[in-house]
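Numbering (the numbering used here), first residue to last: 616 to 1043.
Ideal Cβ placement from N, Cα and C applies to all residues, glycine included.
Everything below concerns the one structure shown next.
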Ligand code: PLP
């Protein structure tokens, strides 16, 4: 069980905040961009605190989607007619926007996938199959999402390799010295989450990568929870692979990004075969297309890719620093307010956190908390959050998780607290 650790309200330290903008953040103006927020649930104004599962979409993104289908829908790359050229140009413009967003050197290093999960599976099935061998080891951490556990487990089973796990401490921080001890001549790959979806922990991925590189080992970073909250600079991190999903970044579902260093991607076999990923096909032999198309078989998710560009532009225009400061304030307020609730314990008190407040209340099942909060119009996530081994580490069946985004307010957190008092009244 987690021992009583006093949470530091709002643990995201100033030097981790994206730097830049100093202007005030107008949350009301931001809220007006998200039509879904303006509704009632069970007769109460919606409070949406399930942002780590998926964020809501601003009107600009919704418009980009419908405008694509209204005005330029066509298949890309092969057509020579005007619409095909327009669709191709817009699709490829997203690649350039993503490149800038993550500070990659080259657009060829930006591969479109269906999401984080597919990006990890792609790397495990290609680079992993090439480099993980019998007797070798793959290192992950205790706080991985199932999507950064299972593909490596499957690979290890197939190859006769062993999955090793970096331990974490009671606060939810990786024990770095233990990670160092796990690294050896046997290590063949490291896969680690940038930000934990269950705890909010921001991991020291730059240090983790540097250490692995001392052994010549490549590292994949699962950035699903980082992309919307932190400045991601793949070159500064020296990440070999970095994956994330559009839908957690105010963009549509069904589209994600795999960043990979060019030399690595070039040396990897394709993931799927089909149209688009080929240069020439005969019944005797197929030659593969250049990057990034080698990894983009078939007609891609054109509309959602184009709308992802709008989502990134939206976040960038608001300013990540401003958003992060606002979210950090929300985390600080929530941590203080929640700690006042009798029997409530915050799970995840890491040194550096994004705006995720996971908690348990003594004697009350998280699911019951979630159901009662929903009757109050407050949407939270309950359960294991696709991190069952992490829950086991803390001796918990699950937690209740409130995760905050740019459009949330302190008043909404107060609604959560009122709802929790109602839970206590009804169930304790
Ligand atoms: N990794 C982390 C840390 C996540 O939080 C999630 C989703 O919650 C995933 C991976 C999987 O993302 P997706 O379902 O978009 O592929």
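Helix, strand or coil at residue i [DSSP, three-state]
i: residue 685; result: helix
i: residue 660; result: strand
i: residue 855; result: coil
i: residue 982; result: helix
i: residue 910; result: helix
i: residue 789; result: strand
i: residue 626; result: In this prediction, residue 626 scores a pLDDT of 47, lower than 50, which makes its location untrustworthy; the coordinate-derived value is nonetheless stated afterwards. DSSP places residue 626 in coil when its eight states are reduced to three.
i: residue 959; result: strand
i: residue 668; result: coil
i: residue 832; result: coil
i: residue 1024; result: coil
i: residue 642; result: helix
i: residue 1039; result: helix
i: residue 823; result: helix
i: residue 900; result: coil
i: residue 700; result: helix
i: residue 743; result: helix
i: residue 727; result: strand
i: residue 976; result: strand
i: residue 1034; result: helix
i: residue 709; result: helix
i: residue 837; result: strand
i: residue 969; result: coil
i: residue 1016; result: strand
i: residue 738; result: helix
i: residue 905; result: coil
i: residue 990; result: helix
i: residue 693; result: coil
i: residue 1046; result: Since the first residue shown for the chain is 616 and the last is 1043, residue 1046 is missing from the structure and cannot be characterised.
i: residue 655; result: strand
i: residue 861; result: helix
i: residue 1002; result: coil
i: residue 964; result: coil
Residue i beta carbon near the ligand PLP (any heavy atom closer than 7 Å)
i: residue 1003; result: no
i: residue 889; result: no
i: residue 670; result: no
i: residue 762; result: yes
i: residue 943; result: no
i: residue 730; result: yes
i: residue 808; result: yes
i: residue 667; result: yes
i: residue 999; result: no
i: residue 970; result: no
i: residue 860; result: yes
i: residue 871; result: yes
i: residue 840; result: yes
i: residue 989; result: no
i: residue 919; result: no
i: residue 648; result: no
i: residue 812; result: yes
i: residue 837; result: yes
CB-CB length for residue i against residue j, believed under 8 Å
i: residue 683; j: residue 921; result: 5 Å
i: residue 941; j: residue 640; result: 5 Å
i: residue 825; j: residue 803; result: Between residue 803 and residue 825 the Cβ distance is about 18 Å, and since that is not below 8 Å, they are no contact.
i: residue 968; j: residue 815; result: 4 Å
i: residue 1025; j: residue 991; result: Residue 1025 to residue 991, Cβ: 17 Å. No contact.
i: residue 705; j: residue 687; result: 7 Å
The ligand SAH heavy atom lying under 7 Å from the CB of residue i
i: residue 916; result: Absent from the structure shown: the ligand SAH. Ligands present: the ligand PLP.
Review point. Hey, which unbroken runs of the beta strand (DSSP E) at 3 residues or more fall wholly within the segment 865-892?
Key: 871-875
Point to revise | Any beta strand (DSSP E) of 3 or more consecutive residues that is wholly inside the segment 749-813 | key: 752-756, 777-781, 802-808
Practice item. Run through the segment 917-960 for me and flag every whole alpha helix (DSSP H) of 4 or more residues, listed as ranges in chain order. Key: 917-933, 935-954
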